[in-house]
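Note that our numbering has the sequence shown beginning at 53, numbered continuously upward.
We put the CB at the ideal spot given by N, CA and C, even for glycine.
On a predicted model such as this, the values are computed, not experimentally measured, just so you know.
All remarks here apply to the structure that follows.
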Amino acid sequence: MNDEERTSPPMQRIALHTVLKAGKEEEYERVHAVIPAELDAALRAAGVHSWRIWRDGRDLFHVVECDDYQAMRAALRDHPANVVWQERVGPLHAVADDYSGGDTGLRHVWDLPARPAR
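Structure, rendered in structure tokens:
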């Protein structure tokens, strides 16, 4: 283990659930086929290591791995690349994210332990 690994706080893993407006499923997938380079850079600069999205009908399930979820949201709230992105994807959602709340994601319920219980 190097010094950085010993002193770095643990990465956060946040699960989110959002819902698309009816009929917007295919457009959402087209828009997300390739995100703008400026948004990619903004996400990484805000501490995002991974952001995965799954879709079941209109329901979207996100898993975000980042340094600090609340700090990431604060950094992105007024970031020009994210403002443009939210203007594009916000209308596809049943409820657009205005970044004003203290969103903490879905409640974590259970993990399979790394090692079996004895």
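| query | Residues bridged to residue 70 by DSSP? | reply | As a working mapping, residue 70 is identified with position 18 in the sequence shown. Looking at the DSSP output, residue 70 bridges to 112.
| Who are the near neighbours of residue 83 in its chain, counting only those whose CB is closer than 8 Å to its CB and skipping five residues on each side? | In the sequence shown, the residue the question calls residue 83 occupies position 31. Taking C-beta separations shorter than 8 Å and ignoring five residues to either side along the sequence, the partners of residue 83 in its chain run 140, 141 and 144, following chain order.
| Of the residues 169, 170 and 123, the one placed nearest residue 96, counting alpha carbons only | One-based indexing of the sequence shown puts residue 96 at position 44. Taking only the C-alpha atoms, the option nearest residue 96 is 123.
| field | For residue 170, the three-state DSSP class (helix, strand or coil) | value | Position 118 of the sequence shown, counted from the start, is the residue given in the question as residue 170. Residue 170: coil per DSSP, three-state reduction.
| task | Select from 119, 150 and 121 the residue whose C-alpha is nearest the C-alpha of residue 134. | result | Start at 1 with the first residue of the sequence shown, and residue 134 comes out as number 82. Residue nearest to residue 134 within the set 119, 150 and 121 is 150 (criterion: CA-CA distance).
| query | Between the stretch 87-105 and the stretch 113-121, are three or more C-beta pairs nearer than 8 Å? | reply | Under the Cβ criterion (8 Å, minimum of three pairs), the stretch 87-105 counts as touching the stretch 113-121.
| Alpha-carbon spacing of residue 94 relative to residue 64, whole angstroms | Sequence index remark: in the sequence shown, residue 94 carries index 42 (1-based). Sequence index remark: in the sequence shown, residue 64 carries index 12 (1-based). Answer to the nearest angstrom: the Cα atoms are 18 Å apart.
| In chain order, which continuous runs of the beta strand (DSSP E) of length 3 or greater are located wholly inside the stretch 82-141? | Qualifying beta strand (DSSP E) stretches, in chain order: 100-108 and 111-118.
| message | Please return the same chain residues whose Cβ sits closer than 7 Å to the Cβ of residue 76, not counting the five positions on each side in sequence. | response | In the sequence shown, the residue the question calls residue 76 occupies position 24. Correct list, in chain order: 144.
| said: Could you tell me the alpha carbon to alpha carbon distance between residue 126 and residue 89, rounded to whole angstroms? | reply: For the purposes of this step, residue 126 is taken as residue 74 along the sequence shown, with counting starting at 1. For the purposes of this step, residue 89 is taken as residue 37 along the sequence shown, with counting starting at 1. Their Cα atoms are separated by approximately 20 Å.
| Going by Cα to Cα distance, which pick from 152, 114 and 113 is closest to residue 128? | For the purposes of this step, residue 128 is identified with residue 76 of the sequence shown, where counting begins at 1. It is 152 whose Cα lies nearest to the Cα of residue 128.
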